[in-house]
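**Student:**
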Amino acid sequence: MNHSLRFPLDSNSPVFVIAEIGINHNGDINLAKKLIDVAVEAGCNAVKFQKRNPDETVPEHYKNILRETPWGVMTYLEYRKKIEFWKREYSEIDQYCKSKNIYWSASCWDIDSLNFIIQYDIPFLKIPSALLTHKNYLLKVKEIKERHKLPVFLSTGMSDLNLVKKAVECIGINNLIVMHTISTYPAKNEEINLNAIRTLQNELQCLVGYSGHERGLQISIAAVAMGVKVIERHVTLDRSMWGTDHSASLEPEGLRRLIRDIRIVESAMGDGNKKIVDSERKIIEKLRKVNDL
1 MNHSLRFPLD SNSPVFVIAE IGINHNGDIN LAKKLIDVAV EAGCNAVKFQ KRNPDETVPE
61 HYKNILRETP WGVMTYLEYR KKIEFWKREY SEIDQYCKSK NIYWSASCWD IDSLNFIIQY
121 DIPFLKIPSA LLTHKNYLLK VKEIKERHKL PVFLSTGMSD LNLVKKAVEC IGINNLIVMH
181 TISTYPAKNE EINLNAIRTL QNELQCLVGY SGHERGLQIS IAAVAMGVKV IERHVTLDRS
241 MWGTDHSASL EPEGLRRLIR DIRIVESAMG DGNKKIVDSE RKIIEKLRKV NDL
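Residues 1 to 293 (the working numbering) are what the sequence shown spells out, left to right.
(1) State the Cα-Cα distance for the pair E89 and Y62, rounded to the nearest angstrom.
(2) Which residue comes first and which comes last in the alpha helix (DSSP H) that contains R67?
(3) Any heavy atom of the ligand MG closer than 6 Å to the CB of W242?
(4) Starting from M74, trace the beta strand (DSSP E) in both directions and tell me its first and last residue.
(5) How would you label T181, buried or exposed, when you count the other beta carbons within 10 angstroms and need 16 or more for buried?
(6) Could you name the residues of the same chain whose beta carbon sits closer than 8 Å to that of A248, not counting the 5 residues immediately before and after it, in chain order?
(7) Do V277 and L225 have their beta-carbon atoms positioned less than 7 Å apart in this structure?
(8) Please classify E20 as buried or exposed, where buried requires at least 16 other C-beta atoms within 10 Å of its C-beta.
(9) Report yes if the CB atom of I18 is closer than 7 Å to the CB atom of A46, and no otherwise.
(10) Can you check which of these residues, Y76, L114, K149 and S220, is closest to E60 by C-alpha distance?
(11) By how many angstroms is the C-alpha of G22 removed from the C-alpha of A130?
(12) Would I144 and I118 be called neighbours here (beta carbons separated by less than 7 Å)?
(13) Can you tell me the Cβ-Cβ gap for Y230 and I177, rounded? I've got them flagged as a contact below 8 Å.
(14) Taking the beta strand (DSSP E) that M226 falls in, what are its first and last residues?
(15) List, from N- to C-terminal side, the beta strand (DSSP E) runs of 3 residues or more that fit wholly inside the stretch 162-201.
(16) What are the complete alpha helix (DSSP H) segments, minimum 4 residues, inside the stretch 102-151?
(17) Going by the beta-carbon positions, is the gap between L258 and L207 smaller than 7 Å?
(18) What does DSSP give as the partner residue(s) for E20 in the beta ladder?
(19) Is it buried or exposed for R260, if we count other Cβ within 10 angstroms and need 16 for buried?
(20) Look up S155 in the DSSP assignment and give the residues it is bridged to.
(21) When the Cα atoms are used, what is the spatial distance from D94 to V152?
(22) Sort M74, Y79 and C44 by Cα distance to Y103 and report the nearest one.
(23) Comparing alpha-carbon positions, which option in I262, R263, R239 and G243 lies nearest P252?
(24) Can the beta-carbon of L200 be found closer than 7 Å to that of I171?
(25) Would N26 and G254 qualify as a contact pair, given that the criterion is a beta-carbon distance under 7 Å?
(26) With DSSP run on the structure shown, which of helix, strand or coil describes S13?
(27) Determine the closest residue to P123 out of H246, E191 and S107, with distance taken between C-alpha atoms.
(28) Could you check the C-alpha separation between S279 and V141 for me, to the nearest Å?
(29) Pop quiz: L204 and V168 are said to be a contact at Cβ under 8 Å. What is the actual Cβ separation, rounded to whole angstroms?
(30) Please state whether DSSP places L293 in a helix, a strand or coil.
(31) Whole angstroms is fine: what's the gap from E41's alpha carbon to K48's?
Right under this line is the structure:
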């Protein structure tokens, strides 16, 4: 299937909104489905998960560290495997999202996971910030992007402009959306640096998105006013739930408000031409008594 036809995204497109479920499902497929429902009801365009091969991605010195979890004390590697979704779960997610008419994809944290996720009819790939400097991984993404004509979102946390440019050169600018982000959870307002969005737009001459880890809605809405074409925010049923990302996530009502406000801001942006709008003409007759310019 030609993904560029099913997934049009250009400078004139409405903002594409992704609800990042990530690992907030805590390994529970029913919780994942509830979060998909939240995204659908809020009006999101897509949900996104995170896919890992824990044997590959967990550093050796972390594997045997003990961790307290809701399932008891276990090693960190056991915990990562416990919350990971595999073939059965992703096949169920694929069918469930199709039934709900919402796109889904996953950030892949290793090459094995890239090879796994591409078996599904996903509309885009997302490169995590942690993989931005992994050349072999980026080259694999480039191969998939070109073979499948698949849009790629590049998250740029923990990176300066020079690193971003090197990654873009490696992947190729075609069909690439660069995502400004700060990789702290939650991100501090004063460190988010929204003006970096303009830098990426000017320096790379490509579509730019924003992946937000802050609390609240204002910063993501401001990013829309600055011209980003993709917004990604983590979603949870309850920020007090156990897990690393819940505190930096939006609850259902927050996600609904975000979508509402994004669409309001979009409708207010206009084409940039300063002109008299039709609804002002009667007001001119009423209020403008002198017109001798």
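We treat Cβ as the ideally placed atom computed from N, Cα and C, and that holds for glycine.
Keep in mind that this is a model prediction, so the values were computed, not measured.
**Tutor:** Quick look at the numbers:
(1) On the sequence shown, position 89 is the one that residue 89 refers to. On the sequence shown, position 62 is the one that residue 62 refers to. Straight-line Cα distance between these residues: approximately 26 Å.
(2) For the purposes of this step, residue 67 is taken as residue 67 along the sequence shown, with counting starting at 1. Unbroken run through R67 is the beta strand (DSSP E), L66 to T69; no alpha helix (DSSP H).
(3) The ligand content of the structure shown is nil, which means the ligand MG is not present either.
(4) Here residue 74 refers to the residue found at position 74 when the sequence shown is read from its first residue. Per DSSP, M74 belongs to the beta strand (DSSP E) from G72 to T75.
(5) Position 181 of the sequence shown, counted from the first residue, corresponds to residue 181. The residue is buried, with at least 16 neighbouring Cβ atoms inside 10 Å.
(6) Mapped onto the sequence shown, residue 248 falls at position 248. Excluding residues within five positions, the ones whose Cβ falls inside 8 Å are Y185, P186, A187, H213, E214, R215 and H234.
(7) Counted from its first residue, the sequence shown places residue 225 at position 225. Counted from its first residue, the sequence shown places residue 277 at position 277. For clarity, residue 225 is Ala in the given sequence; the question names Leu instead. No.
(8) Start at 1 with the first residue of the sequence shown, and residue 20 comes out as number 20. Looking at its Cβ environment, which holds 16 or more other Cβ atoms inside 10 Å, E20 is buried.
(9) Position 18 of the sequence shown, counted from the start, is the residue given in the question as residue 18. Position 46 of the sequence shown, counted from the start, is the residue given in the question as residue 46. Yes, Cβ-Cβ distance for I18 and A46 is below 7 Å.
(10) Indexing the sequence shown from 1 puts residue 60 at position 60. Checking every option, the nearest Cα to that of E60 belongs to Y76.
(11) Translated into the one-based positions of the sequence shown, residue 130 becomes position 130. Translated into the one-based positions of the sequence shown, residue 22 becomes position 22. Taking the straight line from one Cα to the other gives about 14 Å.
(12) Against the sequence shown, residue 144 aligns to sequence position 144. Against the sequence shown, residue 118 aligns to sequence position 118. Less than 7 Å divides the Cβ of I144 from the Cβ of I118.
(13) As a position in the sequence shown, residue 230 is number 230, starting the count at 1. As a position in the sequence shown, residue 177 is number 177, starting the count at 1. Sequence check: residue 230 is Val here, not Tyr. In this structure V230 is in contact with I177, their Cβ atoms being roughly 6 Å apart against a cut-off of 8 Å.
(14) Numbered from 1 along the sequence shown, position 226 holds the residue referred to as residue 226. No beta strand (DSSP E) contains M226, which DSSP labels as neither H nor E.
(15) 176-180
(16) 111-117 and 135-148
(17) As a position in the sequence shown, residue 258 is number 258, starting the count at 1. As a position in the sequence shown, residue 207 is number 207, starting the count at 1. No; because the gap between Cβ atoms is not below 7 Å, this pair is not in contact.
(18) Here residue 20 corresponds to residue number 20 of the sequence shown, with the count starting at 1. For E20, which the question treats as bridged, DSSP gives the partners K48 and H234.
(19) As a position in the sequence shown, residue 260 is number 260, starting the count at 1. Under this definition R260 is an exposed residue.
(20) Locating residue 155 in the sequence shown gives position 155, where the first residue counts as 1. Answer by DSSP bridge pairing, in chain order: M179.
(21) Position 94 of the sequence shown, counted from the first residue, corresponds to residue 94. Position 152 of the sequence shown, counted from the first residue, corresponds to residue 152. C-alpha separation (whole angstroms): 19 Å.
(22) Translated into the one-based positions of the sequence shown, residue 103 becomes position 103. With distances taken between Cα atoms, Y103 lies closest to C44.
(23) Counted from its first residue, the sequence shown places residue 252 at position 252. When each option's Cα is compared against that of P252, the closest is R239.
(24) Walking along the sequence shown from the start, residue 200 turns up at place 200. Walking along the sequence shown from the start, residue 171 turns up at place 171. Going by C-beta atoms, L200 is not nearer than 7 Å to I171.
(25) Locating residue 26 in the sequence shown gives position 26, counting from the first residue. Locating residue 254 in the sequence shown gives position 254, counting from the first residue. No, the Cβ-Cβ distance between N26 and G254 is not below 7 Å.
(26) By 1-based counting over the sequence shown, the position of residue 13 is 13. Three-state result, S13: coil.
(27) Taking the sequence shown and counting its residues from 1, one reaches residue 123 at position 123. Checked all of H246, E191 and S107; the closest Cα to P123 is S107.
(28) What you label residue 279 is simply residue 279 of the sequence shown in a count that begins at 1. What you label residue 141 is simply residue 141 of the sequence shown in a count that begins at 1. Cα to Cα, the separation comes out at about 50 Å.
(29) Here residue 204 is taken as the residue at index 204 of the sequence shown, counted from 1. Here residue 168 is taken as the residue at index 168 of the sequence shown, counted from 1. 6 Å between Cβ atoms; contact.
(30) For the purposes of this step, residue 293 is identified with residue 293 of the sequence shown, where counting begins at 1. Annotated three-state conformation of L293 is coil, per DSSP.
(31) Mapped onto the sequence shown, residue 41 falls at position 41. Mapped onto the sequence shown, residue 48 falls at position 48. Each residue's alpha carbon lies about 16 Å from the other.
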